[in-house]
Structures are given as structure tokens and as C-alpha cells.
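These notes concern the structure reproduced below.
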Amino acid sequence: PFALPPPAPARTPPKPTVPGPPRPGMVPPPGPPERTVLHANLAACQLLLGQPQLAAQSCDRVLEREPGHLKALYRRGVAQAALGNLEKATADLKKVLAIDPKNRAAQEELGKVVIQGKKQDAGLAQGLRKMFG
Numbered sequence: 001p002f003a004l005p006p007p008a009p010a011r012t013p014p015k016p017t018v019p020g021p022p023r024p025g026m027v028p029p030p031g032p033p034e035r036t037v038l039h040a041n042l043a044a045c046q047l048l049l050g051q052p053q054l055a056a057q058s059c060d061r062v063l064e065r066e067p068g069h070l071k072a073l074y075r076r077g078v079a080q081a082a083l084g085n086l087e088k089a090t091a092d093l094k095k096v097l098a099i100d101p102k103n104r105a106a107q108e109e110l111g112k113v114v115i116q117g118k119k120q121d122a123g124l125a126q127g128l129r130k131m132f133g
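First residue of the sequence shown? That's 1 in the UniProt record's numbering, and the numbers climb one at a time after it.
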């Protein structure tokens, strides 16, 4: 008699990959240019929320696209200062002032970073005196 071939296994179409919300500690990829402003604003929010590491990463995303983005440079400087990376903070804040010498926020923040650095140096000197004095 007449026999039919076995049915082919059903093929399921591949699921489209839809990016979900970023996991905590993850920064979304740079994406289209209009996201630059979003990352800069995200960094501001992250600083306000006490998340300097994430703020620095968001600023890095902006600066990958626009190396002279003033707000991103300033915010990354603030974030680096909060993380204790005073040399990086100083470098970013000096870049802001090189572009915009009258930027009062950057002037004030750089002053704070210099004072913080002097305190760190004094603490280190005191510790060394205790060890070797």
C-alpha cells in the first residue's frame, strides 16, 4: 500500500533579541548618537544616587563619541574624585577648564580635589612618621 513519509520536525522561528533593561552594574552600549545626551544625563542621576562608578562608566560612553563633551568630562571628574582617583579627577577637570576657563563648577570641584589630595598626602605622611618615627 501507500505510505506517507514521517512529518518533518516543526521549526520554530528564532526569537528576536530584544534588549531588556540593563542589569545592575551594567551600562548599555553606546548606540545611536542621540543616546549621548541620555548617557550624560544618566551620569548626573547616578552621581546624585551615590553611584560614582556607574557615573564614570556612563561618562566614558559619552566621551567615546564626543571626547570634548564638557558635562561628561566634568561629571567623570566628580565621579573619579568620589572614587578617590584624584589624578584622573584632576585631569578631567583641567580638560573642562582648558575648553571653558570660566566654568565655575569645574573650578570649585578642582579646588576640592586639590584639598582632598593634600589631606591624603598629610595622612600618608603621618602614617609614615608613625611607622618610621
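All residues carry an ideal CB built from backbone N, CA and C; glycine is no exception.
Just so you know, these numbers come straight off a predicted model, no measurement behind them.
Give the straight-line distance between the Cα atoms of Glu34 and Lys95, rounded to the nearest whole angstrom. 23 Å
Given a cut-off of 7 Å on the beta-carbon distance, is the pair Thr36 and Glu66 in contact? yes
Please classify Cys45: is it buried, with 16 or more other beta-carbons within 10 angstroms of its beta-carbon, or exposed? exposed
C-beta contact flag for Val113 and Ala91 at 7 Å: no
Gly68 lies in the alpha helix (DSSP H); which residues open and close that run? Careful: Gly68 lies outside any alpha helix (DSSP H) and carries neither H nor E.
For Ala3, which three-state DSSP category applies? coil
Exposed or buried, Ala122, counting other C-beta atoms within 10 Å across all chains shown (16 or more means buried)? exposed
So what's Leu49 in DSSP terms, helix, strand or just coil? coil
Near Leu54, what residues of its chain come up, given a Cβ to Cβ distance below 6 Å and the 5 sequence neighbours on each side ignored? Gln46
In whole angstroms, what separates the C-alpha of Ile115 from that of Pro32? 39 Å
How would you label Glu109, buried or exposed, when you count the other beta carbons within 10 angstroms and need 16 or more for buried? buried
Verify the contact flag: Gln120, CB atom, against every heavy atom of the ligand MN, threshold strictly below 6 Å. You won't find the ligand MN in this model; it holds no ligand whatsoever.
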